[in-house]
Amino acid sequence: DAKTTQPNSMESNEEEPVHLPCNHSTISGTDYIHWYRQLPSQGPEYVIHGLTSNVNNRMASLAIAEDRKSSTLILHRATLRDAAVYYCILRALHSGGYQKVTFGIGTKLQVIP
Amino acid sequence: ETGVTQSPTHLIKTRGQQVTLRCSSQSGHNTVSWYQQALGQGPQFIFQYYREEENGRGNFPPRFSGLQFPNYSSELNVNALELDDSALYLCASSLRDQETQYFGPGTRLLVL
Chain A
214 DAKTTQPNSM ESNEEEPVHL PCNHSTISGT DYIHWYRQLP SQGPEYVIHG LTSNVNNRMA
274 SLAIAEDRKS STLILHRATL RDAAVYYCIL RALHSGGYQK VTFGIGTKLQ VIP
Chain B
2 ETGVTQSPTH LIKTRGQQVT LRCSSQSGHN TVSWYQQALG QGPQFIFQYY REEENGRGNF
62 PPRFSGLQFP NYSSELNVNA LELDDSALYL CASSLRDQET QYFGPGTRLL VL
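Heads up: the sequence lines are chains A and B, in that order.
According to the working numbering, the first sequence is numbered sequentially starting from 214.
According to the working numbering, the second sequence is numbered sequentially starting from 2.
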């Protein structure tokens, strides 16, 4: 299974944009790039996903490199509620139709007031 | 719309015992996945159920088993508990052909 590499931790000042990088150099052509975040004492929460094109939603933007070997999650204005562990994961559709999702250790984002 | 719920929230067992964890999927979701999350680690995929059948499994031994019921709720059973089974167990529901998984809050299991 393709793996992702993220920095263990990052800091951001409140109200400033945050760019969270992810490398996935062994991504296959049919792997979707997903981002989830996990707040303390909660289950992971879906943030955004994409295949080839950049994506925007109300929570964040996802910028995908042209060769798809890296991506960046962009939080446009960090708030204290955005402090969480952010996981960049690849969703591989295996034979039989099941969707395996492999998590790494993620990036712990600290937001400084 | 009801979210994913899990029970119990916390559980303490001793080595060698058996445990059953429960998950209620989000309304209408026909697929459920189970994950194990050790302290400081990301969730690790255990298995996935679709229409009451297991249709995918991660690197977990057979003593980890599951069930999915007609109402799409699910159980995770772990036999012969080991100390290393202490973890947060998460279930996630989804629709088979959609990208997004919705996670429950998890059950924290401690094996002594």
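C-beta: ideal position from N, C-alpha, C; glycine also.
Query raised in the report: What in chain A is Cβ-close to B:Gly17, meaning under 7 Å?
Result: Under the 7 Å cutoff, chain A gives no residues; its nearest Cβ is about 28 Å from B:Gly17.
Query - Interface flag, A:Glu224 vs chain B, CB-CB below 8 Å - result: No - not a single Cβ of chain B is within 8 Å of the one on A:Glu224.
Query raised in the report: Cα-Cα, which of B:Tyr51, B:Ser74, B:Gln99 and B:Ala81 is closest to B:Phe65?
Result: B:Ala81
Query raised in the report: Taking Cβ-Cβ distances shorter than 7 Å, what residues in chain A pair up with B:Tyr73?
Result: Those within 7 Å of B:Tyr73 in chain A number zero; the least Cβ separation is about 15 Å.
Report task. Starting from B:Gly67, follow its DSSP beta bridges and name the residues at the other end. Result -> B:Leu77
Query - Candidates B:Arg109, B:Gln49, B:Asn31 and B:Phe70: closest to B:Gln85 by CA position - result: The sequence given here places Asp at residue 85 of chain B; Gln does not occur at that position. The candidate whose alpha carbon is nearest that of B:Asp85 is B:Arg109.
Query raised in the report: For B:Cys92 versus B:Val5, is the C-beta distance shorter than 8 Å?
Result: yes
**Report entry** Contact set between the region 261–278 of chain A and chain B, restricted to residues whose Cβ is under 7 Å from the partner
**Finding:** His262
Requested in this report: Run down chain B in chain order and give the residues with a C-beta less than 8 Å from the C-beta of A:Arg304.
Outcome: Glu100
Report task. Compare the C-beta of B:Gly67 against all C-beta atoms of chain A and say whether one is closer than 8 Å. Result -> no
Query raised in the report: Should B:Gln18 be labelled buried (16 or more other beta-carbon atoms within 10 Å of its own) or exposed?
Result: exposed
Query raised in the report: Going by Cα to Cα distance, which pick from A:Pro326, A:Gln255, A:Ile261 and A:Pro234 is closest to A:Gly319?
Result: A:Pro234
Report task. Could you round the C-beta distance between A:Ala297 and A:Leu322 to whole angstroms and report it? I think they count as a contact, below 8 Å. Result -> 6 Å
**Report entry** Neighbour list for A:Gln255 in chain B, Cβ cutoff strictly below 9 Å
**Finding:** Going along chain B in sequence order, the residues near A:Gln255 (Cβ under 9 Å) are Phe104, Pro106 and Gly107.
Report task. Could you list which residues in chain A have their beta carbon closer than 7 Å to that of B:Gln42, in chain order? Result -> Ile318
Query raised in the report: Does the region 59–74 of chain B come close enough to the region 266–275 of chain A to have 3 or more Cβ pairs within less than 8 Å?
Result: no
Requested in this report: May I ask you to list, following chain order, the residues of the region 236–254 of chain A that have a beta carbon less than 9 Å from some beta carbon of chain D?
Outcome: Any reference to chain D falls outside this structure, whose protein chains are A and B.
Requested in this report: Under 9 Å between beta-carbons, which chain B residues line up against A:Tyr259? List them in chain order, please.
Outcome: Glu100, Thr101, Gln102, Tyr103 and Phe104
Query raised in the report: How many whole angstroms separate the CB atoms of A:Lys244 and A:Ala291, which I take to be in contact at a CB cut-off of 8 Å?
Result: One detail in the question is off: residue 244 of chain A reads as Asp in this sequence, not Lys. At roughly 28 Å, the Cβ-Cβ gap does not stay under 8 Å, so A:Asp244 and A:Ala291 are not in contact.
Query raised in the report: From B:Pro44, B:His30 and B:Glu83, pick the residue whose C-alpha is nearest to that of B:Leu89; which is it?
Result: B:Pro44
Query - Under 9 Å by beta carbon: chain B residues contacting A:Tyr300 - result: Gly43 and Pro44
Report task. Please confirm if A:Thr218 has its CB atom under 8 Å from at least one CB of chain B. Result -> no
Requested in this report: Label B:Thr10 either buried or exposed according to how many other C-beta atoms from any shown protein chain fall within 10 Å of its C-beta, with 16 as the threshold for buried.
Outcome: exposed
Query - Opening and closing residue of the beta strand (DSSP E) in which B:Ala93 lies - result: Ala88 to Ser95
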